[in-house]
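Comments concern the structure below.
In this note's numbering, the protein residues as written are 720 to 994.
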């Protein structure tokens with residue numbers, strides 16, 4: 720999916736919601752545990768309940784890897800359930816020397832047909848470039864994350880007094896462009912999104928941390944939305960674990976609908992009123 724198609728999907732649905740499929744076996748409702756593939760059945764019901772409210776899905780690969788080969792099969796089958804109209808993100812946080820990154824890229828882009836993969840920038844250009852070689856595929860580079868440990872390195876100032884996350888974003892734009900490069904910006908870092916938009920005015924931002932992590936949708940949307948959408952806001956636990964009974968999918972839909980309605984209002988404010 721290219722940038723124009725993603726923007727059109729956002730406008731058509733009045734939503735820039737990404738549903739994170741962080742499917743944890745220990746949190747799957749008990750009545751599904753007797754299924755042949757509980758993870759797949761859980762994901763199927765979540766997708767069916769939310770697909771008209773979101774534009775993207777983001778499976779966190781760790782939750783599938785933890786189940787070994789069975790988990791990988793669940794992930795592959797989950798990809799078959801996601802409509803082609805939706806943007807798909809492998810939340811894998813890969814990044815290694817060039818030949819290894821190339822294999823990671825082939826795994827997620829060719830074998831599993833994800834639209835995007837999250838990539839760690841620490842090893843530099845040769846660890847990121849192989850992901851950027853695939854047409855109509857995206858790198859989503861870690862920039863300023865939501866977790867507590869982000870303060871350990873990401874705000875460290877260099878000799879030029881430029882925080883490390885800013886330096887990463889500026890350098891990465893020499894490698895990719897707004898058609899194939901997004902940045903991860905945590906919702907709990909909303910105070911910095913105006914600065915991030917100054918550094919990367921045209922790139923999409925993937926914003927996790929709304930919901931269970933306490934990020935504000937309004938706080939990230941006002942400075943984050945740009946002339947072509949420019950935002951994918953992810954909610955994982957706040958949606959998929961909104962309920963833990965037999966009506967878990969109904970509860971997930973209710974949680975997603977609440978976010979989608981706020982997004983529609985914010986999009987209307989941004990693109991109709993021009994504020």
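In this text, a Cβ means the ideal position worked out from N, Cα and C, and glycines have one as well.
Beta-carbon proximity of residue i to residue j, cut-off 8 Å
i, j, result
"residue 919", "residue 941", "no"
"residue 798", "residue 832", "yes"
"residue 676", "residue 905", "Here the chain has residues from 720 to 994 only, and residue 676 is not among them."
"residue 800", "residue 766", "yes"
"residue 857", "residue 822", "no"
"residue 851", "residue 899", "yes"
"residue 742", "residue 758", "yes"
"residue 952", "residue 929", "yes"
"residue 738", "residue 954", "yes"
"residue 863", "residue 937", "no"
"residue 824", "residue 802", "no"
Residue i versus residue j - alpha carbon distance
i, j, result
"residue 912", "residue 735", "17 Å"
"residue 807", "residue 860", "15 Å"
"residue 733", "residue 796", "28 Å"
"residue 924", "residue 943", "8 Å"
"residue 794", "residue 884", "31 Å"
"residue 749", "residue 967", "11 Å"
"residue 787", "residue 780", "11 Å"
"residue 782", "residue 805", "21 Å"
"residue 964", "residue 956", "15 Å"
"residue 890", "residue 840", "10 Å"
"residue 816", "residue 855", "23 Å"
"residue 720", "residue 853", "12 Å"
"residue 763", "residue 754", "12 Å"
"residue 700", "residue 784", "Since the displayed the chain opens at 720 and closes at 994, residue 700 lies outside it and no answer follows."
"residue 746", "residue 886", "39 Å"
"residue 827", "residue 789", "17 Å"
"residue 731", "residue 939", "21 Å"
"residue 917", "residue 945", "11 Å"
"residue 869", "residue 846", "Unreliable placement is indicated for residue 869, whose pLDDT of 45 sits below 50; the coordinate value is still reported in the next sentence. Approximately 21 Å between the Cα atoms of the pair."
"residue 761", "residue 974", "16 Å"
Nearest-angstrom beta carbon gap, residue j and residue i [assumed within contact, 8 Å]
i, j, result
"residue 751", "residue 778", "Contact flag wrong, Cβ pair sits at about 17 Å."
"residue 792", "residue 947", "Not really, about 37 Å apart at Cβ, beyond 8 Å."
"residue 972", "residue 769", "6 Å"
For the 8 Å Cβ check, are there 3 or more pairs between the segment 809-818 and the segment 835-847? yes
Any beta strand (DSSP E) of 3 or more consecutive residues that is wholly inside the segment 777-851: 806-813, 835-838
Which ranges does the alpha helix (DSSP H) cover as unbroken runs of at least 4 residues, wholly within the segment 894-976, from first to last along the chain? 912-918, 936-943, 956-959
Would you call the segment 894-902 and the segment 955-974 touching, i.e. three or more CB-CB distances under 8 Å? no
Hey, is the segment 758-776 in contact with the segment 975-982, meaning 3+ C-beta pairs nearer than 8 Å? yes
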